[in-house]
Structures are given as C-alpha cells and as structure tokens.
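S.K.:
Number of protein chains: 2
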Amino acid sequence: MAKQPRRSWIAAANKEDCDFPIQNLPFGVFSTADSAPRCGVAIGDMIVDLAECEARGLLDAKGSFARPHLNDFIALGRPAWDRIRERLTELLAEDGNQDTPLVAMADATLHLPIRVTEFTDFYASKNHAFNVGVLFRGPENALPAQWTHMPIGYNGRASSVVVSGTDIRRPMGQVKGDDGPVWTACKRLDLELELGAIVGADSNLGERVSVEQAEQMIFGYVLLNDWSARDIQAWEYQPLGPFQSKALGTTISPWVVTQAALEPFRSAGAERVNPLLPYLQEERPGFYDMTVGWTMNGQRMGHTNYNVMYFSSAQQLAHHTGSGCPMRVGDLLGSGTISGPEINETGALLEMTQGGKNPVTVNGESRTFIQDGDEIGLYGYAQGSGYRIGFGPCTGTVLPASE
Amino acid sequence: MAKQPRRSWIAAANKEDCDFPIQNLPFGVFSTADSAPRCGVAIGDMIVDLAECEARGLLDAKGSFARPHLNDFIALGRPAWDRIRERLTELLAEDGNQDTPLVAMADATLHLPIRVTEFTDFYASKNHAFNVGVLFRGPENALPAQWTHMPIGYNGRASSVVVSGTDIRRPMGQVKGDDGPVWTACKRLDLELELGAIVGADSNLGERVSVEQAEQMIFGYVLLNDWSARDIQAWEYQPLGPFQSKALGTTISPWVVTQAALEPFRSAGAERVNPLLPYLQEERPGFYDMTVGWTMNGQRMGHTNYNVMYFSSAQQLAHHTGSGCPMRVGDLLGSGTISGPEINETGALLEMTQGGKNPVTVNGESRTFIQDGDEIGLYGYAQGSGYRIGFGPCTGTVLPASE
Numbered sequence: 001m002a003k004q005p006r007r008s009w010i011a012a013a014n015k016e017d018c019d020f021p022i023q024n025l026p027f028g029v030f031s032t033a034d035s036a037p038r039c040g041v042a043i044g045d046m047i048v049d050l051a052e053c054e055a056r057g058l059l060d061a062k063g064s065f066a067r068p069h070l071n072d073f074i075a076l077g078r079p080a081w082d083r084i085r086e087r088l089t090e091l092l093a094e095d096g097n098q099d100t101p102l103v104a105m106a107d108a109t110l111h112l113p114i115r116v117t118e119f120t121d122f123y124a125s126k127n128h129a130f131n132v133g134v135l136f137r138g139p140e141n142a143l144p145a146q147w148t149h150m151p152i153g154y155n156g157r158a159s160s161v162v163v164s165g166t167d168i169r170r171p172m173g174q175v176k177g178d179d180g181p182v183w184t185a186c187k188r189l190d191l192e193l194e195l196g197a198i199v200g201a202d203s204n205l206g207e208r209v210s211v212e213q214a215e216q217m218i219f220g221y222v223l224l225n226d227w228s229a230r231d232i233q234a235w236e237y238q239p240l241g242p243f244q245s246k247a248l249g250t251t252i253s254p255w256v257v258t259q260a261a262l263e264p265f266r267s268a269g270a271e272r273v274n275p276l277l278p279y280l281q282e283e284r285p286g287f288y289d290m291t292v293g294w295t296m297n298g299q300r301m302g303h304t305n306y307n308v309m310y311f312s313s314a315q316q317l318a319h320h321t322g323s324g325c326p327m328r329v330g331d332l333l334g335s336g337t338i339s340g341p342e343i344n345e346t347g348a349l350l351e352m353t354q355g356g357k358n359p360v361t362v363n364g365e366s367r368t369f370i371q372d373g374d375e376i377g378l379y380g381y382a383q384g385s386g387y388r389i390g391f392g393p394c395t396g397t398v399l400p401a402s403e
Numbered sequence: 404m405a406k407q408p409r410r411s412w413i414a415a416a417n418k419e420d421c422d423f424p425i426q427n428l429p430f431g432v433f434s435t436a437d438s439a440p441r442c443g444v445a446i447g448d449m450i451v452d453l454a455e456c457e458a459r460g461l462l463d464a465k466g467s468f469a470r471p472h473l474n475d476f477i478a479l480g481r482p483a484w485d486r487i488r489e490r491l492t493e494l495l496a497e498d499g500n501q502d503t504p505l506v507a508m509a510d511a512t513l514h515l516p517i518r519v520t521e522f523t524d525f526y527a528s529k530n531h532a533f534n535v536g537v538l539f540r541g542p543e544n545a546l547p548a549q550w551t552h553m554p555i556g557y558n559g560r561a562s563s564v565v566v567s568g569t570d571i572r573r574p575m576g577q578v579k580g581d582d583g584p585v586w587t588a589c590k591r592l593d594l595e596l597e598l599g600a601i602v603g604a605d606s607n608l609g610e611r612v613s614v615e616q617a618e619q620m621i622f623g624y625v626l627l628n629d630w631s632a633r634d635i636q637a638w639e640y641q642p643l644g645p646f647q648s649k650a651l652g653t654t655i656s657p658w659v660v661t662q663a664a665l666e667p668f669r670s671a672g673a674e675r676v677n678p679l680l681p682y683l684q685e686e687r688p689g690f691y692d693m694t695v696g697w698t699m700n701g702q703r704m705g706h707t708n709y710n711v712m713y714f715s716s717a718q719q720l721a722h723h724t725g726s727g728c729p730m731r732v733g734d735l736l737g738s739g740t741i742s743g744p745e746i747n748e749t750g751a752l753l754e755m756t757q758g759g760k761n762p763v764t765v766n767g768e769s770r771t772f773i774q775d776g777d778e779i780g781l782y783g784y785a786q787g788s789g790y791r792i793g794f795g796p797c798t799g800t801v802l803p804a805s806e
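Listed in order, the protein sequences are those of chains E and F. Mapping of the first sequence onto the working numbering: position 283 corresponds to residue 283, and the numbering continues sequentially without gaps. Position in the second sequence (from 1) plus 403 gives the number in the working numbering.
As structure tokens, this is what we get:
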C-alpha cells in the first residue's frame, strides 16, 4: 500500500480521540430510513455507503456490499480486502473524492456486521483462568494441567450473538439449591470482556492450518461481551462445559476493525511458562498493544490491555483445525475474558468481586453481579501517535427475567 | 390423515425387511448423473424426485424441493410436512399414481440432507454417562450431580457434520504424555451411536419453549455417529468440555425419518430416579421403541433400543431454550450415545472394551479402538407388524492420519 495518509477531508476523523480515523476504516452493516441494510465503513462521524460506492463505479466488490452482512465481501479473500482498503484510503484522504457517498452515523441504524456461521469461545487470559479456577475449583486445581500447552476453547452458540445496543434478558435456569436443583431467574449475571476474531476464509474437513496460515485467514476483530450466568454455569458445566449459562446473548460491536488497521500495534503477549508444541509456535508476535476495558452504567470498571493474553487468535484458529475441523467464513472466535493481574484490570465481575464476596461501588451503588437495568459497555482502542484505532461502543442493558 | 395404506405399487417397499415402506417416507437430498442435488423421499429401492413432482404439479411445496438441502421445505412448517406426507402416501399407495417421478436409489448419490445450522450434542443415556464417568473420573464421581435433573449438553461443530459414506480422517491432536503433552495421531479413536433430532422451527432470543412445543418443533430424526478421539478428549475436556476430540467428523444418515412415521412407536424411556422440574416434565412418553445398533467391518457389535434413554429430544430442546437461546431450522441435536446396561448393548468402544482394557473380537481380529481402514456402520429401525421404519445405512471408513 502507498504511504498512509494521516488526515481525511472528513473533519471529525482527524480528532485525536475519534475511534474512526482514516487509519482505521472498520467495516459494518447499516440501514437508514431510506435504505435497507448494506455494508459500510466508519470514518469520523460518517459511514461510507459501500453499496452506493459500487453502484457509482467508485470501487468493485462484485456486488457483495449490497448485502445485509459482510460475509460475501469477506469471502472474496485477502487481496480484495487489501484492494478495497487501499481504494477507500484514496477516496477519503485529505485530497480524496468529496463526492464519496456518505451517511451520517447519527441517521443510521447499525446491524450485526456478519452472519455468524459458528461461534467458538476461548479462555486465553492466564489471570482470568486462574482467578475463575480458584472460585470454581479451589487454588490447587485452578489452572487446568493443559492450560499453558493449548488454547482451551469450547463451541458457543452462534444464534445468540447480537449487535451492540440489543437488550439482554436475564435468563431463567436450573441452579443448585439446598434441597436439590431449583428453576430460578439467574442471580449471578456477569459480563466477559473479550475480543472476537472473524474468520475470513474456509478450510476443509481433515485439513490443518498453521499459525501463519491462520493469521492470513483472519479478517478482523470486534469487541465481544460474553454474558454469563454464573449460578447456572456452576451447576451445569461439568463434565461437558458451559451451555445455557452462555446462551442468553453474546454482544459484539457493530464495527469490524481489520487486521490491516491493527498491524502497527503488533505486540508480544504474556510470558510463556513453557515452550509450545511446534504446531502452536508463531514466528512473530500475534497480539496487539490495545487498551480494552468495560463500563457499568457509564462508570469505568476493569481496564487492561489485550496483550496480557497467552494465546493469540491465530494460535486459537490453528488449534481449532488441529483435528481437521473445517472453518468457514463468518466463524467468530472469542479470545476469552481479558483480565490483567490486578483486581481493577479484570474483565468480569466474578473476578472483580471475588465470586460476589467483595462488592464494588458503581455510581455510589453497591454491586456484586449485574442488576436489572444495568448497562454494560466495552471499549477498546490501539493508541497511535495523534490518532487511535477504536471499535466504537459495544453495549447492552439487562432486562428483568421473564418468569 | 386418512387410513394408512399398508402397501405400495413399488414392490420393494412391501418387503418385510425394507427400511423404506410406504409407512416411512423419509426425506433426503440426492443427485444423479443428469440432475443437481434436490430433495427426495425414499420408497423401497427408489427415490421420489420431489422437485420433479412439483414441476409436474403433483404436489406444492413453494419450490423448496429444488434446493440442495431440506431446510427450505422444513421451514414451511408442520402443516406443510403433514400435507406433503399425506399427498405422497396417496401417490405411492397400491392404487396410487404410477407416473410419480422416481429415480432408482442405485443410480443416485445421496447428500447431506440438511444444511446443519448448529449442532448440539447431549448425553442422555444413564448407562453411557455412568460407564464413561467411571473411566474418566472413577466410580464415585462417575455420574455428575445434575445428571438426573437436566439434559446435559454441549455445543458441537456443525461444519464437521458429514453424510454417510464420507471417509473419516484419523485426527492428529495434543494428548498427555509422560513428559508433558505430545502431538500425535489419535490412538483411541471411537464411535458414538446416537440419534439426531432435526429442529424444524425457529425460536427467538429470550423465548423459552415447553416440552410440548419443543416436540412440535422437531421435524425428524437421523442416525448419528459422533466420532470421538478419546485420548485427545481426556487431555482437553476440563473445564470447558470436548472440543477438537469431537470435531474430526460427525456422520449422519442421508434419510431423515419424520416424527410422523415414528409416532406409532412412541414409548416411555428409562425409569426416573427423581421427579423432574416442571419445565422438563412431559405429558406423554417422548421416546420411541426403536432398535439401534452398530457394526464394525460388517459384524454386529452393540445392539440396544432407543428407549433406554433418560431425556427425550423434546426435553433436550426445551432445556436448550431455557436461557432464551434461539433455535433455528436445521439445528441438529444429538441424543447422546445410546447404551443399554449390558456390555453388548453399549454404543461406544470406550464402554465395550472398558477403556481399552478388554479387547473385542471383530471378524477374528482383536480391537480395543478403531484401526485405519475399519468401517463403522449404524442401523436403526422401529419394528411394526409386517413392516419396519428404518434409516438405511450410516457408515464411515477411517483413513490414516495425515501427519
């Protein structure tokens, strides 16, 4: 790509605290009062109408932008991703094309950016795995024996992935009671601060991909809140893993930040405890130096960096194909809860309140877990010099259970 | 529906040991040298070409039969399922329409009958859960505390579901070694004899369905072999459940036997150890009196009845929506391994050989787990008076690992 311009003719994109400068160009899906859902790119306070761009001959993506999801565009492959990014950079640069069709973000409704094919959730923060392990199994059995050797993951539920702004209904569920199980509204509703990687290429049954190949298969990233019902989880999760405790909703950000935009922020992750088996070794650091955190009712709560993680998305994807499992465009891989070592760096209330024992104060109110009406927001950005690559909001408000 | 005729003008359908009599009419997807994949119904040794039937005005399914999967037909809903079944029964009865377009099964290639939306696997044979629990965790912790109270399930991988006849590659994977984990070809490759239920209606985020509603949402059933890499499973499965050990391939039968065809065989399941919570109680028995079993290289191995199960597909589906998880047309729910109480009634080699300790003899050869080149077949049929409702073959042959 040609030299990266630093400024756009769209003024809001040039503000230092704007999530969507010209260096970012994240993809999403939007609609307006006048137009059906279609693909767009965020720039400043505007959205580039990609379908309209193509209709006017400003770029070529084989009609894939006129769809209500990014999957068809993503399926065109990495050369198309790079070509479109380069073309948009030209159109939006200070000396670009001011006739590029735009929609004000304030006038748009944002939709789920991808049709989620399948959803896999990992568990790649050592701090989180240890902290939660202590609460579920005690300190001696906290970190599973295989944890430092493989990215532990489980299949989640794609149908319950929703876009930021979707209300989340407190779930009912079966939990352990004093005299046998009871059916109840969840009493220990939690969030999980995660990054989601979006798979951008298919692999075949019986085919394994290397970490290097896996990295090339990743289109981009979203913020991801893996809402969790801890009381339901504790009763159901052994021996086959979390199930209904994780199926009440998973919120993702509407904007997919591309790997290309994050490339300048490449970073090493957590220090390795032991060498990895060759199929998981990576030749260059696979993490990003990226601030991530979460808010409750607007108050900043946990705040950390994605580079505390132990396994990268590329390592997770390579491991995912280890048995020959086919991957498909639109698969979503959750990083696992991102928690730093300190209590104010944790990405879940379960950790922050130590299993509900130590309440936190939120706008003067005490909380152990999430109450009805609470709004949880995630944020994330990689800080450049005079600009930042952000994701925009990723929020959800909890509704009372429907008993 | 009018009185069920007992004979068809297609002679092979009237044989007592034919899996596909006029009482069955299972749906699938087939192609021939001259035609692209489309929907069909098995009858005797023939397939009714449903797309051609519709083209000739013999039935009406809104064009859904001209597709390479059953999903669009299934999405039409139960009234359409019943109407088409009634119409096919008329066309194929002894006094039916001998111009109904047919293809010889011998000339057809059978395809995956549904586009699998998501795949969930349960664990509903108490015998199996106990037997495997002993091997993984010892007799005291064998049956998890919640087992008799809820259908334990986990999300599987839809992308690795394949149709009968697809070769299965022995997976590579990470397993526990004497000096830390090693990367190796699976040494304990196993089958799991299951029934798969196909969800035929959508539910919404935050919506729960009752057991009665769930039963109405099930379109039909397939045989399902959940190939399992036991050594990979043992190392990876705690605390988040099986992952790569179950993603090497899941084989289903090409024919979907409808709930309507199985209705005369409705049966109670295993005796309850304790009362269920109200959301899992069912007003009438939710199981079927149906012989199921598996073969290895043609030799009969485990042989039991589906009615040994503890939780029905309808109970599993109701539980699946417990937290408000949305279900979608084409979701596949594995019953869990079907094992009777005796060793020759078990649905997995892990149980039959007691974790590989007691080899079995197959055509004069000793086996603990599956060797390269072995073919595993499943069978299943409900025995009526003078006819049976069968699934046809569900087979797969194991190829050597690609190291």
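Glycine residues also receive a C-beta, built at the ideal position from the N, C-alpha and C atoms.
Where does F/T523 land, buried or exposed, given buried means 16+ other C-beta within 10 angstroms?
M.R.: Here residue 523 of chain F corresponds to residue number 120 of the second sequence, with the count starting at 1. It counts as buried.
S.K.: Got a sec: is the Cβ-Cβ distance from E/T353 to anything in chain F below 9 angstroms?
M.R.: Sequence index remark: in the first sequence, residue 353 of chain E carries index 353 (1-based). No, its Cβ sits nowhere closer than 9 angstroms to a Cβ of chain F.
S.K.: Three or more C-beta pairs under 8 angstroms: does that hold for the region 689 to 698 of chain F against the region 533 to 544 of chain F?
M.R.: Cβ pair count under 8 angstroms is below three, so no.
S.K.: Quick one: does E/S366 have its CB under 9 angstroms from some CB of chain F?
M.R.: Counted from its first residue, the first sequence places residue 366 of chain E at position 366. Closer than 9 angstroms: no.
S.K.: Residues of chain F with CB closer than 9 angstroms to the CB of E/V162, please, in chain order.
M.R.: By one-based count along the first sequence, residue 162 of chain E stands at place 162. Residues of chain F passing the Cβ test: L608.
S.K.: Against chain F, with Cβ distances strictly below 9 angstroms, would E/E127 count as a contact?
M.R.: As a first step, residue 127 of chain E is located in the first sequence; it is residue number 127 there, counting from the start. Here residue 127 of chain E turns out to be Asn, not Glu, going by the sequence shown. Answer no: the Cβ-Cβ gap between E/N127 and chain F never drops below 9 angstroms.
S.K.: Is E/M1 close to chain F, meaning its C-beta is less than 9 angstroms from at least one C-beta of that chain?
M.R.: Position 1 of the first sequence, counted from the first residue, corresponds to residue 1 of chain E. The predicted position of E/M1 is uncertain, since its pLDDT is 46 and thus under 50; no value can be drawn from it.
S.K.: Under the three-state reduction of DSSP, which class applies to F/T492: helix, strand or coil?
M.R.: Along the second sequence, read from residue 1 onward, the residue named residue 492 of chain F stands at position 89. It is helical.
S.K.: Quick check: the region 70 to 78 of chain E against the region 198 to 217 of chain E, are there 3 or more CB pairs under 8 angstroms?
M.R.: Yes, the region 70 to 78 of chain E is in contact with the region 198 to 217 of chain E.
S.K.: May I ask you to list the residues that DSSP assigns as paired with E/Q174?
M.R.: As a working mapping, residue 174 of chain E is identified with position 174 in the first sequence. Its beta-bridge partners are E/W183.
S.K.: List the residues of chain E that F/Q549 touches, going by C-beta distances under 7 angstroms, in chain order.
M.R.: Reading the second sequence from its first residue, position 146 is the one you call residue 549 of chain F. Within 7 angstroms Cβ-Cβ: P181, W235, E236.
S.K.: I need the straight-line Cα distance from F/G580 to F/Y640, nearest angstrom please.
M.R.: One-based indexing of the second sequence puts residue 580 of chain F at position 177. One-based indexing of the second sequence puts residue 640 of chain F at position 237. For F/G580 and F/Y640, the distance between alpha carbons rounds to 16 angstroms.
S.K.: Between E/Q383 and chain F, is any beta-carbon pair separated by less than 9 angstroms?
M.R.: Taking the first residue of the first sequence as 1, we reach residue 383 of chain E at position 383. With 9 angstroms as the cut-off, E/Q383 does not count as an interface residue toward chain F.
S.K.: Quick one: is F/M553 near chain E, going by C-beta distance under 9 angstroms?
M.R.: If you number the second sequence from 1, residue 553 of chain F lands on position 150. Yes, its Cβ sits closer than 9 angstroms to a Cβ of chain E.
S.K.: Spell out whether any CB of chain F is found under 9 angstroms from the CB atom of E/P139.
M.R.: Against the first sequence, residue 139 of chain E aligns to sequence position 139. No, its Cβ sits nowhere closer than 9 angstroms to a Cβ of chain F.
S.K.: Looking at C-beta atoms only, is the number of pairs between the region 736 to 746 of chain F and the region 182 to 202 of chain E that lie closer than 8 angstroms three or more?
M.R.: No: fewer than three Cβ pairs fall under 8 angstroms.
S.K.: Just to confirm my understanding: we take E/W183, look at its own chain, exclude 5 residues before and 5 after, and list those with CB closer than 7 angstroms. What are they?
M.R.: Reading the first sequence from its first residue, position 183 is the one you call residue 183 of chain E. Excluding sequence neighbours, E/W183 sits near M172, Q174.
S.K.: Which parts of the region 5 to 85 of chain E are runs of the beta strand (DSSP E), unbroken and 3 residues or longer, counting only runs that do not cross its ends?
M.R.: Complete beta strand (DSSP E) runs here, min 3: 27 to 32, 35 to 43, 46 to 49.
S.K.: Below 9 angstroms on C-beta distance, what does F/M730 contact in chain E?
M.R.: For the purposes of this step, residue 730 of chain F is taken as residue 327 along the second sequence, with counting starting at 1. Within 9 angstroms Cβ-Cβ: S159.
S.K.: Go through the region 667 to 751 of chain F residue by residue and report every complete run of the beta strand (DSSP E) that reaches 3 residues or more, in order.
M.R.: Fully enclosed beta strand (DSSP E) runs of 3 or longer: 694 to 699, 702 to 708, 735 to 737.
S.K.: Can you list, in chain order, the stretches of the alpha helix (DSSP H) that have 4 or more residues and sit fully within the region 343 to 385 of chain E?
M.R.: As far as the region 343 to 385 of chain E is concerned, its whole alpha helix (DSSP H) runs of at least 4 residues are 349 to 352.
S.K.: If we define contact as Cβ-Cβ less than 9 angstroms, is F/N708 a contact residue for chain E?
M.R.: Locating residue 708 of chain F in the second sequence gives position 305, where the first residue counts as 1. No - not a single Cβ of chain E is within 9 angstroms of the one on F/N708.
S.K.: Which residue's Cα is closest to the Cα of E/G322: E/Q216, E/M105, E/V257, E/S210?
M.R.: Position 322 of the first sequence, counted from the start, is the residue given in the question as residue 322 of chain E. Nearest option by C-alpha distance: E/S210.
S.K.: Between which two residues does the beta strand (DSSP E) harbouring E/E396 extend?
M.R.: The residue you call residue 396 of chain E lines up with position 396 of the first sequence. For clarity, residue 396 of chain E is Gly in the given sequence; the question names Glu instead. Segment 394 to 399, the beta strand (DSSP E) holding E/G396.
S.K.: Span of the beta strand (DSSP E) holding E/V222?
M.R.: Taking the first residue of the first sequence as position 1, residue 222 of chain E is located at position 222. 218 to 226 is the span of the beta strand (DSSP E), which, as asked, contains E/V222.
S.K.: Verify the CB distance criterion: does F/D777 have a CB-CB separation below 9 angstroms to chain E?
M.R.: Here residue 777 of chain F refers to the residue found at position 374 of the second sequence. So no, F/D777 is outside the interface.
S.K.: Whose C-beta lies closer than 8 angstroms to the C-beta of F/G672 among residues of the same chain, with five residues either side of it excluded?
M.R.: Here residue 672 of chain F refers to the residue found at position 269 when the second sequence is read from its first residue. Excluding residues within five positions, the ones whose Cβ falls inside 8 angstroms are P688, G689, F690, N710, V711, M712, Y713, F714, S715.
S.K.: According to DSSP, what are the bridge partners of F/D524?
M.R.: The residue labelled residue 524 of chain F in the question sits at position 121 within the second sequence. F/Y557, F/G737, per the DSSP bridge assignment.
S.K.: Spatial neighbours of F/T520 within its chain, please: CB distance less than 6 angstroms, with the 5 preceding and 5 following residues excluded, ordered by chain position.
M.R.: For the purposes of this step, residue 520 of chain F is identified with residue 117 of the second sequence, where counting begins at 1. Here the set comprises R731, G733, D734.
S.K.: Would you say F/Q684 lies against chain E (beta-carbon separation less than 9 angstroms)?
M.R.: In the second sequence, the residue the question calls residue 684 of chain F occupies position 281. No, no contact with chain E.
S.K.: Please identify the residue among E/G396, E/D99, E/Q281, E/G386 whose C-alpha is closest to the C-alpha of E/R7.
M.R.: To locate residue 7 of chain E, count along the first sequence from 1; it is residue 7. With distances taken between Cα atoms, E/R7 lies closest to E/G386.
S.K.: Let me make sure I understand the geometry here. Which of F/A507, F/N766, F/L651, F/M704 has the alpha-carbon closest to that of F/L753?
M.R.: As a position in the second sequence, residue 753 of chain F is number 350, starting the count at 1. Cα-wise, what sits closest to F/L753 is F/M704.
S.K.: Going by the CB atoms, is the gap between E/G241 and E/L224 shorter than 9 angstroms?
M.R.: As a working mapping, residue 224 of chain E is identified with position 224 in the first sequence. As a working mapping, residue 241 of chain E is identified with position 241 in the first sequence. No, Cβ-Cβ distance for E/L224 and E/G241 is not below 9 angstroms.
S.K.: Is F/D452 buried or exposed, if buried means 16 or more other CB atoms sit within 10 Å of its CB?
M.R.: As a working mapping, residue 452 of chain F is identified with position 49 in the second sequence. The residue in question, F/D452, is buried, as its Cβ has 16 or more Cβ neighbours within 10 Å.
S.K.: Beta-carbon within less than 8 angstroms of F/T756's beta-carbon, same chain only, minus the 5 sequence neighbours each way: which residues are those?
M.R.: The residue given as residue 756 of chain F occupies position 353 in the second sequence. Around F/T756: P762, V763, R770, T771, F772.
S.K.: Using the beta-carbon of each residue, which ones in chain F are nearer than 7 angstroms to E/G173?
M.R.: Numbered from its first residue, the first sequence carries residue 173 of chain E at position 173. In chain order: G725, S726.
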